[in-house]
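Input: a single structure, listed below in structure tokens.
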């Protein structure tokens, strides 16, 4: 049986390496413009993904450009629904005008973290995605409320692990204010990704092993070392016998 996995990246946010990343990843989570990015960076990412055969996804976030959509705040379920439905609908229309079909949705930053923990927010986001287009795949933190609620609604889901973020013992991502929140070395990111796939766990910062079954691996386009990280992850997976293909295309 062929071993396949998806490698996704958040792009269109004004990062310096979006075009180069399309040669390394298989799915692109393209900013919808609320939390980061401009019309130009979004269009560049759309065109680069399409040209490279990379699966296109919408990456909606809280309207918080000053905080890059990562400012920790209480998210109300209705606000989450409105944010996701409007941004995803608009993004799908933008892509369709260029002959590009949007295949998945991945919430960004504070919205993503809220959906992982808060069942009501998770339900609201799943509902918004379903209303925008029930064919869309929802990407979410492996084993989280986001995944559970989306499955309950009948959406297809991709359970995600982060190669370039560290985890807390409760399964949440380490807050970005902490010095050890991100992984900056390519070999460490690649090892974390491979362990998640082959051992079905990620090791938290305190040594706790967090069980998880995953479908897709994420790296962040705004990480200064994203090219090294993406290349290292892809190379290690290839050496370990994995083929990288987009999850949302039904190839995983």
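In our numbering, the protein residues as written are -5 to 246. All residues carry an ideal CB built from backbone N, CA and C; glycine is no exception.
Exercise. Are the beta-carbon atoms belonging to residue 249 and residue 152 less than 8 Å from one another?
Worked result: Within the shown structure, residues of the chain are numbered from -5 to 246, placing residue 249 beyond reach of any answer.
Exercise. Cα separation between residue 181 and residue 47?
Worked result: 26 Å
Problem set entry | Span of the beta strand (DSSP E) around residue 195 | Start and end: 195 to 197.
For this session: State whether the segment 133 to 145 contacts the segment 78 to 95, with contact taken as three or more CB pairs (one from each stretch) at a distance under 8 Å.
Result: no
Exercise. What residues in its chain sit with their C-beta under 6 Å from that of residue 245, if we drop five residues either side in the sequence?
Worked result: Bear in mind that the predicted position of residue 245 carries a pLDDT of just 44, short of 50, making it unreliable; the figure below should be weighed with that in mind. If we look at residue 245 and ignore the five residues flanking it on each side, its Cβ neighbours are 239.
For this session: Return helix, strand or coil for residue 167, following the three-state DSSP convention.
Result: strand
Problem set entry | residue 220, DSSP secondary structure in three states | helix
Problem set entry | Residue nearest to residue 189 in terms of C-alpha spacing, selected from 234, 163, 200 and 215 | 234
For this session: Report the rounded CA-to-CA distance for residue 228 versus residue 72, giving the unit in angstroms.
Result: 38 Å
Problem set entry | With 16 other Cβ atoms within 10 Å as the buried cut-off, status of residue 154 | Here residue 154 is buried: its Cβ has 16 or more other Cβ atoms, across all protein chains shown, within 10 Å.
For this session: Could you please give the first and the last residue of the uninterrupted beta strand (DSSP E) stretch that includes residue 151?
Result: 150 to 156
Exercise. Roughly how many angstroms separate the alpha carbons of residue 158 and residue 172, rounded to a whole number?
Worked result: 14 Å
Exercise. Which stretch, first to last residue, makes up the beta strand (DSSP E) that contains residue 213?
Worked result: 210 to 214
For this session: Look up residue 98 in the DSSP assignment and say whether it is helix, strand or coil.
Result: In the structure shown, the three-state DSSP call for residue 98 is strand.
Exercise. Hey, how far is the Cα of residue 3 from the Cα of residue 76?
Worked result: 24 Å
Exercise. Could you give the C-beta distance for residue 103 and residue 129, rounded to a whole number, given that I count them as a contact under 8 Å?
Worked result: Their Cβ separation, rounded to whole angstroms, is 25 Å, which puts residue 103 and residue 129 out of contact at 8 Å.
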